[in-house]
Amino acid sequence: GAVVSQHPSRVICKSGTSVKIECRSLDFQATTMFWYRQFPKQSLMLMATSNEGSKATYEQGVEKDKFLINHASLTLSTLTVTSAHPEDSSFYICSAAGGETEAFFGQGTRLTVV
Amino acid sequence: GIQVEQSPPDLILQEGANSTLRCNFSDSVNNLQWFHQNPWGQLINLFYIPSGTKQNGRLSATTVATERYSLLYISSSQTTDSGVYFCAVETAGNQFYFGTGTSLTVIP
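In the order they appear, the protein sequences are chains A and B. In the numbering used here, each number is its position in the first sequence, counted from 1, plus 11. In the numbering used here, each number is its position in the second sequence, counted from 1, plus 1423.
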């Protein structure tokens, strides 16, 4: 199957700083990428949908100014958590779609804000 | 949005036992996938199954789209099967809505 690479896999940052997470489709062009968040022992929740070259669409309750999403190319989407706080600590995972009907997910990024 | 519910939420099995996990969803969907989330958080794709039945070794899955449910069967369970199992339904826009998950523990 197709490969989606997410980086970093783990990051610890200080409260108030910003953190950027990258999601790359390695062997296909992803016209659409998705970002999910998972709190401990909970399910994955869709945060936003990003289409290459246009603004992301955020799910209800997700702050677009806090979670900046950029999808500048067909192989790369980034999620920036701005002014991170401890409550933003979570597992963030992306997925990519590019014509295949099966979804491919990245390995996830565990963010800890101290 | 689409509601996806899984049952049971927790399951403890003796090694060698069989089990059935269920996923109910509230609306028509384009696709359904079953995932096993490993201890590091990575989602391992088990089945892509919008309808019908598929088998892969000790695992099989059945989706009855008209009745909006899917079942994941695990036979002759092993300790390595432990973990969290998610079903996720896909909309026409390729967005996935995940179920509540089943946490499986297989004891030797």
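Note that CB positions come from ideal geometry on N, CA and C, so glycine has one too.
Can a CB atom of chain B be found closer than 8 Å to the CB of residue i?
i, result
"residue 123 of chain A", "no"
"residue 43 of chain A", "yes"
"residue 64 of chain A", "no"
"residue 13 of chain A", "no"
"residue 40 of chain A", "no"
"residue 106 of chain A", "yes"
"residue 37 of chain A", "no"
"residue 50 of chain A", "no"
"residue 54 of chain A", "yes"
"residue 28 of chain A", "no"
Report the residue from the options whose alpha carbon sits nearest the alpha carbon of residue i.
i, options, result
"residue 89 of chain A", "A:96, A:80, A:57 and A:117", "A:80"
"residue 92 of chain A", "A:14, A:15 and A:22", "A:22"
Cutting at 6 Å between CB atoms, please list the residues of its own chain near residue i, excluding the five before and the five after it.
i, result
"residue 1457 of chain B", "1469, 1470, 1484, 1495 and 1510"
"residue 1446 of chain B", "1429, 1493, 1510 and 1522"
"residue 60 of chain A", "45 and 68"
Grab me the residues of residue i's own chain with a C-beta within less than 7 Å of its C-beta, minus the 5 sequence neighbours each way, in chain order.
i, result
"residue 24 of chain A", "30, 95 and 124"
Does any CB atom of chain A fall closer than 8 Å to the CB of residue i?
i, result
"residue 1466 of chain B", "yes"
"residue 1456 of chain B", "yes"
"residue 1448 of chain B", "no"
For residue i, list the residues DSSP reports as bridge partners.
i, result
"residue 44 of chain A", "A:61 and A:107"
"residue 1461 of chain B", "None; residue 1461 of chain B has no bridge partner."
"residue 1427 of chain B", "B:1448"
"residue 121 of chain A", "A:21 and A:102"
Once you ignore the five residues that flank residue i on each side, which residues in its own chain have a CB closer than 8 Å to its CB?
i, result
"residue 1438 of chain B", "1500, 1501, 1502, 1529, 1530 and 1531"
"residue 1434 of chain B", "1442, 1444, 1525, 1526, 1527 and 1528"
message: Can you pull out the residues from the stretch 68 to 96 of chain A whose beta carbon lies closer than 7 Å to at least one beta carbon of chain B?
response: none
- prompt: Relative to chain A, which residues along the stretch 1513 to 1525 of chain B have a C-beta separation below 8 Å, given in chain order?
  reply: 1513, 1516, 1517, 1518, 1519, 1520, 1521, 1522, 1523 and 1524
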